[in-house]
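*Asks:* This note's numbering numbers the first residue of the sequence shown as 1 and each following residue consecutively. Just so you know, even glycine gets a beta-carbon here, dropped at the ideal spot from N, CA and C. Just dropping this structure here.
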Amino acid sequence: VKGEPVVIDGPFAETKEQFLGFYTLECADLDEAVDFARELSEVNPSGGSYEIRPVSLFNPARVPA
1 VKGEPVVIDG PFAETKEQFL GFYTLECADL DEAVDFAREL SEVNPSGGSY EIRPVSLFNP
61 ARVPA
């Protein structure tokens with residue numbers, strides 16, 4: 001579908017059926033992540049979709065003993 005990207009909040013499909021790769025970004029907010037996804041769609045015009053999900057970094061070395 002050409003035009004403006006559509007932003008939705010779920011439901012999400014099974015990842016085993018469509019997961020082809022991932023990018024890990026550090027963004028200030030959702031708007032910055034959506035802007036990055038728009039840039040990806042410009043360099044990958046063959047289509048596809050991008051899911052934006054928050055993740056947390058866990059570093060066991062930083063946990064107090």
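For the candidate residues Arg-62, Ala-65 and Val-6, whose alpha-carbon lies nearest to that of Asp-31?
*Replies:* Comparing Cα-Cα distances from Asp-31 to each of Arg-62, Ala-65 and Val-6, the minimum goes to Val-6.
*Asks:* Inspect the beta-carbon positions of Ile-8 and Ala-33 and report whether they are closer than 8 Å.
*Replies:* Going by C-beta atoms, Ile-8 is not nearer than 8 Å to Ala-33.
*Asks:* Leaving aside the five residues before and after Tyr-50 along the sequence, list all residues of the same chain whose C-beta is less than 7 Å from its C-beta, in chain order.
*Replies:* For Tyr-50, where only same-chain residues beyond five positions count, the Cβ hits under 7 Å are Ala-37 and Leu-40.
*Asks:* Which same chain residues end up closer than 7 Å to Gly-48 when comparing Cβ atoms and leaving out the 5 residues on each side of it in sequence?
*Replies:* For Gly-48, where only same-chain residues beyond five positions count, there are no Cβ hits under 7 Å.
*Asks:* Rounded to the nearest angstrom, what separates Leu-57 and Tyr-23 at their Cα positions?
*Replies:* In a straight line, the C-alpha of Leu-57 is about 15 Å away from that of Tyr-23.
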